[in-house]
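Input: a single structure, listed below in structure tokens.
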Amino acid sequence: MNNLQADIKAELEKLPLADQKIINELLIDIENDDASQRQLREIVVQKVQQMIVSEE
Amino acid sequence: MDTNFLSSGTSLIKTSSNVEDVYEVLSRELKMKTHSIFMLGFCIGYHSGQKCEHLELKGKEFRSSYLSEKQQGILYAVGINEGILDEDSASYTDPQKQQALRKLWLEYSASGLLQLKAKFEENGKALGDQKKIDLLSGILQYFIDSKEEIPF
Amino acid sequence: MQLEKLKISNFRQFEGDNVLEFGYGQQNVTLIKGTNGAGKTGIFRAIMFALYGDHYLEQDTTREDIHLVNSKLLNSTGLPMTATVTLYFRHNDVSYLIKRSLTEFKSDNKTSVATEGAEFGKFLADKQQYQKITDNIDQVRVEVNNILPQNIRKFFFFDAEKLDLLSGLQNGGSVAKSIKTGVFDLLQLSNLETASKVFNQAARDQSKELSNQLGDQQFKELEDKIETTNNDLSRLREEKSQIIDEIETAKKEEELIKQQIAQNRDDRAQAEILKNKEETLSSERYALNEVINEAIGRIDDTAIDVVLGSVDKAGIKVENIQNQRSDKFAKAILTESLNNKVCALCGNDLSAHPENEEHIQVLLKKFQVSEISGVLNIVSNSLMSANSSSQGIQAAVTRNYQSIVNHEDKINKLEHEIEQIGSQITMSQNELKNITNKEQHTLPNVQSNISTMTEKIGVKKDQITKLENKLQELEAQQEQVQIKDNNLKVKRDAVARLKRIGKEIDQIIDTYSTYSKEQLEKQMKVIFNQIITAEDRSLISDIKISNNFELSVIGKNGMSILNDISMGQSQMLSLAFITALATVASKGRNNVDFPLFMDTPFGRLDVENRTNLIKNIPNMTSQWVLLVTDTELTEGTELPVFKQENRVGKVYSLNKMDDGTTKIVPEEI
Numbered sequence: 001m002n003n004l005q006a007d008i009k010a011e012l013e014k015l016p017l018a019d020q021k022i023i024n025e026l027l028i029d030i031e032n033d034d035a036s037q038r039q040l041r042e043i044v045v046q047k048v049q050q051m052i053v054s055e056e
Numbered sequence: 001m002d003t004n005f006l007s008s009g010t011s012l013i014k015t016s017s018n019v020e021d022v023y024e025v026l027s028r029e030l031k032m033k034t035h036s037i038f039m040l041g042f043c044i045g046y047h048s049g050q051k052c053e054h055l056e057l058k059g060k061e062f063r064s065s066y067l068s069e070k071q072q073g074i075l076y077a078v079g080i081n082e083g084i085l086d087e088d089s090a091s092y093t094d095p096q097k098q099q100a101l102r103k104l105w106l107e108y109s110a111s112g113l114l115q116l117k118a119k120f121e122e123n124g125k126a127l128g129d130q131k132k133i134d135l136l137s138g139i140l141q142y143f144i145d146s147k148e149e150i151p152f
Numbered sequence: 001m002q003l004e005k006l007k008i009s010n011f012r013q014f015e016g017d018n019v020l021e022f023g024y025g026q027q028n029v030t031l032i033k034g035t036n037g038a039g040k041t042g043i044f045r046a047i048m049f050a051l052y053g054d055h056y057l058e059q060d061t062t063r064e065d066i067h068l069v070n071s072k073l074l075n076s077t078g079l080p081m082t083a084t085v086t087l088y089f090r091h092n093d094v095s096y097l098i099k100r101s102l103t104e105f106k107s108d109n110k111t112s113v114a115t116e117g118a119e120f121g122k123f124l125a126d127k128q129q130y131q132k133i134t135d136n137i138d139q140v141r142v143e144v145n146n147i148l149p150q151n152i153r154k155f156f157f158f159d160a161e162k163l164d165l166l167s168g169l170q171n172g173g174s175v176a177k178s179i180k181t182g183v184f185d186l187l188q189l190s191n192l193e194t195a196s197k198v199f200n201q202a203a204r205d206q207s208k209e210l211s212n213q214l215g216d217q218q219f220k221e222l223e224d225k226i227e228t229t230n231n232d233l234s235r236l237r238e239e240k241s242q243i244i245d246e247i248e249t250a251k252k253e254e255e256l257i258k259q260q261i262a263q264n265r266d267d268r269a270q271a272e273i274l275k276n277k278e279e280t281l282s283s284e285r286y287a288l289n290e291v292i293n294e295a296i297g298r299i300d301d302t303a304i305d306v307v308l309g310s311v312d313k314a315g316i317k318v319e320n321i322q323n324q325r326s327d328k329f330a331k332a333i334l335t336e337s338l339n340n341k342v343c344a345l346c347g348n349d350l351s352a353h354p355e356n357e358e359h360i361q362v363l364l365k366k367f368q369v370s371e372i373s374g375v376l377n378i379v380s381n382s383l384m385s386a387n388s389s390s391q392g393i394q395a396a397v398t399r400n401y402q403s404i405v406n407h408e409d410k411i412n413k414l415e416h417e418i419e420q421i422g423s424q425i426t427m428s429q430n431e432l433k434n435i436t437n438k439e440q441h442t443l444p445n446v447q448s449n450i451s452t453m454t455e456k457i458g459v460k461k462d463q464i465t466k467l468e469n470k471l472q473e474l475e476a477q478q479e480q481v482q483i484k485d486n487n488l489k490v491k492r493d494a495v496a497r498l499k500r501i502g503k504e505i506d507q508i509i510d511t512y513s514t515y516s517k518e519q520l521e522k523q524m525k526v527i528f529n530q531i532i533t534a535e536d537r538s539l540i541s542d543i544k545i546s547n548n549f550e551l552s553v554i555g556k557n558g559m560s561i562l563n564d565i566s567m568g569q570s571q572m573l574s575l576a577f578i579t580a581l582a583t584v585a586s587k588g589r590n591n592v593d594f595p596l597f598m599d600t601p602f603g604r605l606d607v608e609n610r611t612n613l614i615k616n617i618p619n620m621t622s623q624w625v626l627l628v629t630d631t632e633l634t635e636g637t638e639l640p641v642f643k644q645e646n647r648v649g650k651v652y653s654l655n656k657m658d659d660g661t662t663k664i665v666p667e668e669i
């Protein structure tokens with residue numbers, strides 16, 4: 001997170017908390033650059049599904 | 001024997017080589033025929049009363065029959081004026097007289113052309129460098145000057 | 001990123017070990033002096049080799065001739081030799097080391113590369129302990145790219161004399177695109193773009209998967225329709241953005257032509273006058289020629305007129321001769337008298353005196369051809385004709401002469417005027433023709449293209465809106481489909497959520513991209529105003545950066561003047577862009593602190609520009625490394641400013657040895 005510019009961070013903070021969390025985690029994964037795009041997709045799908053289940 | 005010897009088809013007039021450059025430049029720039037240049041020189045020379053007696057007849061030549069009747073008339077008139085031709089028809093057919101008359105014409109023509117050359121070169125250009133307009137202006141100026149001379 | 005130390009071994013002209021340290025903090029300027037050929041570019045090469053493994057620089061034209069291993073060693077030993085460059089730098093409060101080596105050998109007069117190696121590592125805590133991170137060349141590239149992305153290095157490491165950002169920034173070409181990518185990287189927008197891709201693609205994948213698992217015919221049909229609509233949408237959007245690109249290019253062309261037309265209005269007005277004068281000249285020449293020909297045609301008669309006064313006496317003699325003869329009168333005179341009904345000799349009116357007319361008729365009958373009468377007739381006719389035309393000829397000669405003089409005067413005057421006007425016209429005939437052609441043909445074409453394309457955009461927009469509505473409707477319908485399986489229900493909700501998050505990210509990218517562009521523009525103006533001369537400041541009224549990161553410079557007249565600015569001005573603009581970019585990118589985080597590395601920085605600049613740079617650049621970048629020639633660092637101009645500003649941390653001199661090698665020697669300022 002500390003790599004992101006404050007302005008972008010501010011924009012992100014306007015989003016729903018759950019969305020913020022998942023985006024931030026993805027951005028860290030992208031920054032670390034140790035997963036392929038396919039893997040990244042799988043991760044976000046999983047997280048979103050968990051999020052929905054827990055919301056219910 | 002034909003008294004009108006200028007019109008005889010075989011009669012050639014050889015001009016002087018000391019004015020050949022004038023013939024060349026007038027022929028080249030103004031497209032004048034040799035006989036016209038000869039007459040131009042003659043008229044100017046005779047009008048001025050000056051002859052050029054050093055002739056070398058190795059220059060351009062032309063058939064005298066090319067001269068117009070008017071030009072021929074003037075040349076004969078000069079013969080009569082100078083007393084070479086007279087009422088005796090023999091004076092027209094005598095080869096010696098004809099020869100003397102030709103020499104006279106050529107001397108006046110050469111003198112006239114030399115005067116013209118001097119006139120041309122007044123503008124500072126060499127004769128060979130004179131262009132159409134320079135030459136024509138020179139000739140016309142001469143014509144105009146000749147009429148403005150104070151008669152004596 | 002802050003450069004600390006550069007170690008060069010057997011690299012290019014640097015034989016053995018050479019070390020350079022870089023100034024930082026308050027003394028963040030490093031001066032590296034050297035005559036031409038001493039190896040200034042060699043230092044530049046060493047840095048680019050260390051960071052990116054570059055064997056060549058962008059400015060190299062003949063690539064075969066450039067080898068990195070010291071050639072003196074290669075030639076003298078005949079053995080494979082290794083060049084090594086080690087760069088020490090700090091980034092995010094960590095000290096790093098990057099080391100690259102290259103082994104070359106020579107055979108048959110040809111130098112070839114044998115092996116190449118790279119290592120990247122960091123120092124722990126107090127710099128005592130070194131930890132290697134990787135020695136895999138590809139991995140090293142990834143590491144460096146994370147610190148200073150390769151595609152923006154040209155903003156920070158460049159040969160100032162060849163700095164050519166503007167030509168790339170102005171015409172919407174691939175350079176502008178690569179700059180946009182570079183800027184996005186630098187501003188960390190590229191990570192967001194990747195995130196957007198991940199969410200949007202995941203949504204599409206999931207939706208498809210859901211459709212297959214559900215096995216519901218209605219759902220499947222809707223899914224197919226959604227997919228087709230999505231494909232159509234992306235195709236339309238692509239087409240639309242292509243047309244927008246084309247319109248931008250066309251508008252630039254339109255503006256350029258308009259500028260050319262405006263600039264050349266004076267020339268073209270002059271050319272019009274010139275054309276008229278040339279036409280007048282041509283008709284004057286024609287008229288002169290006519291007069292000349294007329295006068296030449298009259299020379300024969302005029303010559304005779306000149307001599308006429310001198311031969312007139314002959315006329316009397318001829319008359320006398322003719323009188324003495326039995327054929328007293330020339331036949332022509334008799335005929336003429338009868339024809340005119342007036343006696344040609346005495347002037348008697350023959351119609352009043354028929355007896356005289358009878359007498360003439362008798363004489364004519366009696367006329368005998370004499371031997372010389374022919375010649376005499378020629379003479380008298382000639383004189384008569386010459387006399388009668390004399391006045392007319394004289395008048396004509398005077399008229400012709402004056403006319404020639406007049407025409408000549410006019411022609412000379414016209415020729416002089418034409419020459420003068422011609423010298424005022426700076427463009428060639430072809431260029432003028434070209435501009436006229438552009439105004440009459442190219443410009444209307446471009447303008448009609450623009451309006452056609454604008455209409456097309458409108459059509460595309462309508463189509464896109466329709467498809468977007470359709471998509472929304474299809475998605476709503478899909479949501480209405482009853483799903484009994486709970487797992488699949490979750491999946492469907494997930495698809496919707498993924499789509500939503502994707503849209504949220506797109507929105508941020510859009511906002512932030514516009515915002516950073518505006519910041520960049522604003523910052524660039526501030527910096528540009530600090531470094532340019534007062535004269536240039538009055539010349540340039542605005543700087544604009546388009547959404548595609550294309551640059552335009554607006555002059556006082558409101559027109560783009562990018563094509564008119566000097567090399568020096570262009571260099572200052574490029575510098576302003578680079579420093580503005582670094583400043584904007586640094587906002588909110590302190591690790592976008594890149595050194596500015598300039599080769600031959602002052603070559604094209606005047607004193608005022610140089611002074612402005614020396615005073616301002618150290619405040620705008622974290623480090624400023626200058627490779628300068630003697631002429632760029634004089635006691636009279638640059639040195640006093642550097643001393644006064646007190647920002648120089650390190651000074652080195654590149655000393656060229658007799659054997660062709662160079663030693664790096666530290667100096668005091």
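Protein chains in written order, with full-length UniProt numbering: chain R, 1 to 56; chain B, 1 to 152; chain U, 1 to 669.
For each residue, glycine too, the CB sits at the ideal point set by N, CA and C.
Opening and closing residue of the alpha helix (DSSP H) in which residue i lies
i              : result
residue 670(U) : Outside the shown range of chain U, which is 1 to 669, sits residue 670(U), and nothing can be said about it.
Met524(U)      : Asn486 to Ile531
Met1(U)        : Note, Met1(U): premise wrong, no alpha helix (DSSP H); not H, not E.
Asn619(U)      : Val607 to Met620
Tyr23(B)       : Glu20 to Leu30
Arg90(U)       : It is not in any alpha helix (DSSP H) - Arg90(U) instead sits in the beta strand (DSSP E) that spans Met81 to His91.
Under the three-state DSSP convention, the category residue i falls into
i         : result
Ser428(U) : coil
Leu20(U)  : strand
Phe597(U) : strand
Phe143(B) : helix
Phe152(B) : For Phe152(B), the predicted structure reports a pLDDT of 43, less than 50, and the residue's modelled location is therefore unreliable. A value from the coordinates is still provided. Phe152(B) falls in the coil class under three-state DSSP.
Leu31(U)  : strand
Pro666(U) : strand
Glu87(B)  : coil
Beta-carbon proximity list for residue i, same chain, < 7 Å, skipping 5 on both sides
i         : result
Asp145(B) : none
Phe89(U)  : Met1, Gln2, Leu3, Glu4 and Tyr96
Ile321(U) : Leu376
Asp536(U) : Gln569
Asn123(B) : Asp134
Asp506(U) : Ser196
Gln150(U) : Tyr52
Segment limits, beta strand (DSSP E) that includes residue i
i              : result
residue 714(U) : A question about residue 714(U) goes unanswered here, because the residues of chain U that appear run from 1 up to 669.
Asp542(U)      : Ile540 to Ile545
Met453(U)      : Taken as a continuous stretch (DSSP letters only), Met453(U) belongs to no beta strand (DSSP E), being part of the alpha helix (DSSP H) at Leu443 to Gln480.
6 Å Cβ shell around residue i - same chain, five flanking residues per side excluded
i         : result
Leu233(U) : Leu467
Asn109(U) : none
Glu143(U) : Phe120
Ser91(B)  : Leu85 and Lys97
Sub-7 Å separation of residue i and residue j beta-carbons
i         : j         : result
Asp305(U) : Ser390(U) : yes
Leu87(U)  : Ala50(U)  : yes
Ile372(U) : Thr3(B)   : yes
Gln644(U) : Thr583(U) : no
Leu274(U) : Lys460(U) : no
For residue j and residue i, believed in contact at Cβ under 8 Å, the rounded distance
i         : j         : result
Phe597(U) : Ile614(U) : About 16 Å; that fails the 8 Å criterion.
Pro80(U)  : Glu104(U) : 7 Å
The ligand SAH heavy atom lying under 6 Å from the CB of residue i
i         : result
Ala114(U) : The ligand SAH is not part of this structure, which contains no ligands at all.
Nonlocal neighbours in the same chain, by C-beta distance under 8 Å from residue i, ignoring five residues either side
i        : result
Gln71(B) : His35 and Met39
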